[in-house]
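J.:
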Amino acid sequence: MIADATYTVLFYGLSIAVVVLALAAVNARQLLRAALGLMGMLALSAGFYVMLRAEFLAGVQILVYVGGIVVLIVFAIMLTRSSELLEDHPRAATRAFGAVFSIAFMLISCMALRATEFPVVPNAAPSGDEIHKIGVALLDRGSAGYLLPFEVVSLLLLVAVVGGTVVARKTPPKDQPFTTGGDLRGETILHPARVQDESPPAGGKP
Amino acid sequence: MTELLARFAPGIAEWLTLCAVLYAIGLYGLLTRRNAIAILMAVEIMLNAAALNFVAFNRFIAPDAVDGHVMAIFIIVMAAAEIVVGMAIVVALYRLRGSVDVNQMNSMKG
């Protein structure tokens with residue numbers, strides 16, 4: 001009884017907090033504030049995973065989303081100077097269109113939810129060894145296992161790492177061989193002092 | 207008071223409604239934002255709602271299985287890969303054009 005009441009209070013409290021933070025993430029003018037809202041929203045979602053008895057996923061959520069993805073987003077905001085250069089003001093017509101479209105989507109999916117009978121297992125209690133089961137399922141070669149998707153996903157991560165590095169590095173000029181050191185011309189613009197040090201002194205050669 | 211609260215303990219419909227609301231918020235951000243980074247953030251909100259949906263189905267419909275958890279893990283991994291490539295493209299585009307406004311990205315227009 002007490003546990004159920006606590007569950008209800010936790011669910012609605014967390015839901016309100018997450019929805020408010022998500023709204024802040026999509027509405028904030030300053031992108032750093034939006035990233036902060038996104039971070040809070042993702043961190044509180046880990047609480048939802050705990051409430052759904054998926055403790056392993058809660059840990060993964062904190063590690064990957066809050067520790068990795070949000071940090072990457074903040075880096076990208078700073079590297080592109082979006083917070084100072086570009087203010088994100090959508091026009092009123094765009095905002096109205098977006099609001100109508102998303103509210104219509106939400107209403108339709110909620111109506112579909114109400115109309116569906118889910119085969120819910122009553123008084124279901126998970127056995128509590130989810131981590132063990134997840135590990136077995138990820139490496140199981142049988143019909144209930146996910147070994148092939150697991151390997152494909154590891155390949156996807158490798159491709160993402162290599163692709164991200166190649167796309168984000170500076171393009172070398174045509175006469176310069178391929179290096180990971182970047183563009184010498186870009187360096188000249190960004191660090192004139194260093195190039196001056198490396199250049200031979202004027203009149204050094206007889 | 208406790209009995210009343212206990213009677214309203216969230217079932218699968220409440221969880222799925224929450225996910226639908228979060229997904230709609232992400233969709234709103236996707237449609238209204240002009241900055242490419244903000245659009246990627248909205249996509250993250252939507253992916254998070256989808257993962258939560260899988261876990262809610264797992265909890266209420268097949269509590270002994272972990273297929274929903276595995277799917278949520280795959281979604282999180284995919285979101286990480288997507289954000290890495292997306293941010294690399296955004297940074298490269300900023301270096302090339304000095305702007306990350308998606309309204310100005312029309313150089314492939316015929």
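Chains as they are written, first to last, in my numbering: chain L, 1 to 206; chain A, 207 to 316.
Glycine is no exception: its CB is placed at the ideal position from the N, C-alpha and C atoms.
Because the structure is a prediction, the values reported are computed rather than measured.
1. Which of helix, strand or coil does DSSP assign to N241 of chain A?
2. Rank L:A104, L:V74, L:A99, L:T116 by C-alpha distance to the C-alpha of V297 of chain A and give the top, closest one.
3. Indicate whether at least one CB of chain A lies closer than 9 Å to the CB of E151 of chain L.
4. Which of the three DSSP states, helix, strand or coil, is assigned to D307 of chain A?
5. If you check the beta carbons only, do L157 of chain L and Y146 of chain L fall under 9 Å apart?
6. Cβ of G364 of chain A within 9 Å of Cβ of V261 of chain A?
7. Can the beta-carbon of V26 of chain L be found less than 9 Å from the beta-carbon of A34 of chain L?
8. If you reduce the DSSP assignment to three classes, tell me which class L302 of chain A lands in.
9. So the candidates are L:L79, L:T80, L:R91, L:G67; which of them puts its Cα closest to the Cα of A286 of chain A?
10. How would you write the range of the alpha helix (DSSP H) that I16 of chain L sits in, first residue to last?
11. Cα separation between P269 of chain A and V249 of chain A?
12. Under DSSP, the alpha helix (DSSP H) around P149 of chain L begins and ends at which residues?
13. Which value, in whole angstroms, describes the spacing of the CA atoms of F266 of chain A and P216 of chain A?
14. Is the distance from the Cβ of A22 of chain L to the Cβ of L38 of chain L below 9 Å?
15. Answer with yes or no whether the minimum CB distance from P192 of chain L to chain A is below 9 Å.
16. Using only CA atoms, which one of L:L72, L:A144, L:A168 lies nearest to I243 of chain A?
17. Here's the rule I'm using: 16 or more other beta-carbon atoms within 10 Å means buried, otherwise exposed. How should A93 of chain L be labelled?
18. Give me, in chain order, the residues of the same chain whose beta-carbon lies closer than 6 Å to that of I62 of chain L; leave out the 5 immediate sequence neighbours on both sides.
19. Buried or exposed for A115 of chain L, please, with buried defined as at least 16 other CB atoms from any protein chain shown within 10 angstroms of its CB.
20. Taking Cβ-Cβ distances shorter than 7 Å, what residues in chain D pair up with V64 of chain L?
21. I think V161 of chain L touches V272 of chain A, with their Cβ atoms under 8 Å apart; what is that distance to the nearest whole Å?
T.: Let me spell this out:
1. Strand, per DSSP.
2. Taking the Cα of V297 of chain A as reference, the smallest distance to any Cα among L:A104, L:V74, L:A99, L:T116 is reached at L:V74.
3. For E151 of chain L, the nearest beta carbon of chain A is not closer than 9 Å to its own beta carbon.
4. Secondary structure of D307 of chain A (DSSP, three-state): strand.
5. Taking 9 Å as the cut-off, the beta carbon of L157 of chain L is found no closer than this to the beta carbon of Y146 of chain L.
6. Nothing about residue 364 of chain A can be read from this structure; chain A reaches only from 207 to 316.
7. Closer than 9 Å, so yes.
8. Helix, per DSSP.
9. A286 of chain A has its Cα closest to that of L:G67, out of L:L79, L:T80, L:R91, L:G67.
10. It spans 2–27 - the alpha helix (DSSP H) in which I16 of chain L sits, taken as one unbroken run.
11. P269 of chain A and V249 of chain A have their C-alpha atoms spaced approximately 28 Å apart.
12. Membership of P149 of chain L in the alpha helix (DSSP H) is indicated by the continuous run 147–168.
13. Each residue's alpha carbon lies about 11 Å from the other.
14. Contact flag set, yes.
15. Summary for P192 of chain L: the model assigns pLDDT 46, below 50, so the residue's position carries little reliability; its value from the coordinates is reported in the next sentence. For P192 of chain L, the answer is no, since every Cβ of chain A falls outside 9 Å of its Cβ.
16. Nearest option by C-alpha distance: L:L72.
17. Of the other Cβ atoms in all chains shown, fewer than 16 fall within 10 Å of the Cβ of A93 of chain L; this residue is therefore exposed.
18. Hits under 6 Å: A46.
19. Answer is exposed; the Cβ neighbour count stays below 16.
20. Any reference to chain D falls outside this structure, whose protein chains are L and A.
21. In fact, because the Cβ distance is near 27 Å, the residues do not count as touching under 8 Å.
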